[in-house]
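There are 2 protein chains.
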Amino acid sequence: MYNSEAMALSAALLAVAGDLTQRIHDGVTARGFADLRPAHGFAFARLAPDGATVTDLAVHLGVTKQAASQLVDEIVRKGYAERRPHPQDARARLVVLTERGWACTRAAEAAAAEVVSGWAGLLGEGEVRALGERLARIAPYGPIKPAW
Amino acid sequence: MYNSEAMALSAALLAVAGDLTQRIHDGVTARGFADLRPAHGFAFARLAPDGATVTDLAVHLGVTKQAASQLVDEIVRKGYAERRPHPQDARARLVVLTERGWACTRAAEAAAAEVVSGWAGLLGEGEVRALGERLARIAPYGPIKPAW
DNA sequence: TCGAGTGGTCAAGTGGCTTGACTATATGGT
DNA sequence: ACCATATAGTCAAGCCACTTGACCACTCGA
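Respectively, the protein sequence lines represent chains W and B.
Letter by letter, the first sequence follows residues 0 to 147 in numbering that gives the first Met the number 0.
Letter by letter, the second sequence follows residues 0 to 147 in numbering that gives the first Met the number 0.
Have a look at this one:
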């Protein structure tokens with residue numbers, strides 16, 4: 000494969016990713032959560048299952064723990080999450096989503112589904128499924144860094 | 000398709016995009032261009048064919064023209080591009096890549112090819128090609144906004 | 001129990017981006 | 001030919017997310 004093909008693939012991937020981010024954000028805003036930025040979504044994804052500590056979040060987002068702490072301050076202040084004492088470690092605090100946080104997560108899922116269904120209109124449902132499967136196989140394990 | 004599937008697809012796509020950006024940036028740095036940030040790559044992509052004006056660049060990157068002008072200042076100062084008088088419009092200035100700018104662009108292509116070849120090791124060359132084709136079909140036309 | 005390691009916060013500084021204001025040139029209607 | 005409006009670009013100031021540095025509280029193994 001020529002270098003220019005690899006570059007074209009990369010450009011398409013990054014363009015789709017940027018567009019997806021923007022449209023999920025717009026969808027979340029339209030559903031009544033207008034006080035959040037795209038970066039918050041990645042935090043929510045980490046908090047959603049069982050909560051997480053600030054340090055966990057920092058590693059996951061690829062930022063300093065101070066930045067993560069600041070971000071938690073913000074979503075707590077806005078009512079999306081709350082800090083609880085950590086059941087196993089008295090130094091740590093477990094950050095968990097509130098009901099509003101869960102509602103926002105569901106809104107993000109609905110917005111994502113809307114975008115993906117648009118893709119299905121272009122490619123067909125089977126192709127989209129295949130796309131997802133292939134992306135899952137090349138997805139990295141480490142921290143989720145912003146695309147640029 | 001369930002909402003959670005759409006979310007999983009989105010997460011995989013964004014994770015791959017973030018990883019790709021990081022690895023292209025690392026590859027460019029390793030090839031001797033250590034004074035650039037990922038955001039510069041998107042500017043280079045717009046400048047590469049025939050040059051562009053600051054306003055073009057601003058629209059392409061989805062930022063204000065002041066921000067684009069500042070970015071151009073930086074890559075000019077570092078020797079990757081230069082400002083020339085615009086042949087048709089005396090108000091405008093055409094920003095074009097220098098030889099160093101082209102060398103950096105080739106380095107980025109090589110780095111992208113390296114990453115994509117890693118994917119080919121996981122999926123096979125045909126699958127990667129299919130992936131690129133599908134992404135190209137759902138890629139947007141508008142400005143290339145950072146993924147978040 | 002003591003010392004190194006880890007979780008978290010406070011404080012200050014940085015840098016890329018924004019808004020606002022301005023100059024110079026282009027364009028189109030009268 | 002002229003003038004009003006629009007566009008290209010820059011200068012200046014401020015904002016805000018993020019960083020580095022310092023610090024305290026708690027944990028855990030020797």
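Ideal Cβ placement from N, Cα and C applies to all residues, glycine included.
| query | result |
| --- | --- |
| N-terminal and C-terminal residue of the beta strand (DSSP E) that residue 84 of chain B is part of | 80-84 |
| Residue 94 of chain W - partner residues in DSSP beta bridges | W:51, W:82 |
| CB-CB length for residue 57 of chain W against residue 44 of chain W, believed under 8 Å | Not really, about 14 Å apart at Cβ, beyond 8 Å. |
| Cβ-based contacts, 8 Å cut-off: residues of the segment 88-103 of chain B near chain W | none |
| Best match in W:108, W:105, W:79, W:106 for proximity to residue 94 of chain W [C-alpha to C-alpha] | W:79 |
| Distance, residue 90 of chain W Cα to residue 48 of chain W Cα | 21 Å |
| Cβ of residue 58 of chain B within 8 Å of any chain W Cβ | no |
| Span of the alpha helix (DSSP H), counted from its first residue to its last, around residue 64 of chain B | 64-76 |
| Length of the line joining the Cα atoms of residue 74 of chain W and residue 59 of chain W | 17 Å |
| For residue 125 of chain W, the three-state DSSP class (helix, strand or coil) | helix |
| Inter-residue spacing [alpha-carbon to alpha-carbon] between residue 147 of chain W and residue 54 of chain W | Any reading at residue 147 of chain W must be qualified, since the residue scores a pLDDT of 46, below 50, and its modelled position is unreliable; no value is offered. |
| Residue burial classification, residue 98 of chain W (beta-carbon count within 10 angstroms, cutoff 16) | exposed |
| Selection from W:132, W:140, W:120 that minimises the alpha carbon distance to residue 136 of chain B | W:120 |
| Proximity of residue 138 of chain W and residue 14 of chain B at Cβ, strictly below 8 Å | yes |
| Chain W contact for residue 146 of chain B (CB, 8 Å cutoff) | Reliability fails at residue 146 of chain B, whose pLDDT of 47 lies under 50, so the model's placement of it is uncertain and the value that follows must be treated cautiously. Interface residue, yes. |
| Collapsed DSSP secondary structure at residue 0 of chain W in the structure displayed | coil |
| Residue ranges of each alpha helix (DSSP H) within the segment 2-43 of chain W, 4 or longer | 2-29 |
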